[in-house]
Structures are given as structure tokens and as C-alpha cells.
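Everything on this sheet refers to the single structure shown next.
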Amino acid sequence: ERKLVMAIADGSVSVDDREIYTAKDLRVGLFQSTDNF
Numbered sequence: 302e303r304k305l306v307m308a309i310a311d312g313s314v315s316v317d318d319r320e321i322y323t324a325k326d327l328r329v330g331l332f333q334s335t336d337n338f
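According to my numbering, the residues represented by the sequence shown are 302 to 338, in order.
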């Protein structure tokens, strides 16, 4: 049985209190185990 869990979020990366990257609507698959890959 295979299930897909997907997260969608916005994100940012900051260095020395300065935002250097931003991204919107990031889509990431979440897995409990990667043994079968």
C-alpha cells in the first residue's frame, strides 16, 4: 500500500538577518521511509 503525503508552503532563506531567497507554493512529497526507492 502506497500513500502520498504532499505539503505546499512558502519559504525563505535568511543570512545575517537578511532575506536572500524566497519561494512560493513549494511542493514537497513526505515519506515515512525511503527503503523502497
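Note that beta-carbon positions come from the ideal geometry of N, C-alpha and C, so glycine has one too.
Being a predicted model, the structure only gives us computed values, none of them experimental.
Item to complete: Compare the Cα-Cα distances from Gly312 to each of Asp318, Arg328, Leu305 and report the closest residue.
Response: The residue labelled residue 312 in the question sits at position 11 within the sequence shown. Of the candidates Asp318, Arg328, Leu305, the one whose C-alpha sits nearest the C-alpha of Gly312 is Arg328.
Tell me the rounded alpha-carbon separation between Ser334 and Tyr322. Here residue 334 is taken as the residue at index 33 of the sequence shown, counted from 1. Here residue 322 is taken as the residue at index 21 of the sequence shown, counted from 1. In this structure, the alpha-carbon of Ser334 lies about 29 Å from that of Tyr322.
Q.
Under DSSP, the beta strand (DSSP E) around Phe315 begins and ends at which residues?
A. Here residue 315 corresponds to residue number 14 of the sequence shown, with the count starting at 1. Checking the sequence, you will find Ser at residue 315 rather than Phe. Unbroken beta strand (DSSP E) run through Ser315: 306–316.
> If Leu331 sits next to Val306, beta carbons under 8 Å apart, how far is it from one beta carbon to the other, in whole angstroms?
Replying inline: Counting from one through the sequence shown, the residue named residue 331 turns up at place 30. Counting from one through the sequence shown, the residue named residue 306 turns up at place 5. Sure, about 4 Å apart at Cβ, within 8 Å.
To the nearest angstrom, how far is the alpha carbon of Ala310 from that of Asp317? What you label residue 310 is simply residue 9 of the sequence shown in a count that begins at 1. What you label residue 317 is simply residue 16 of the sequence shown in a count that begins at 1. Cα to Cα, Ala310 sits roughly 23 Å from Asp317.
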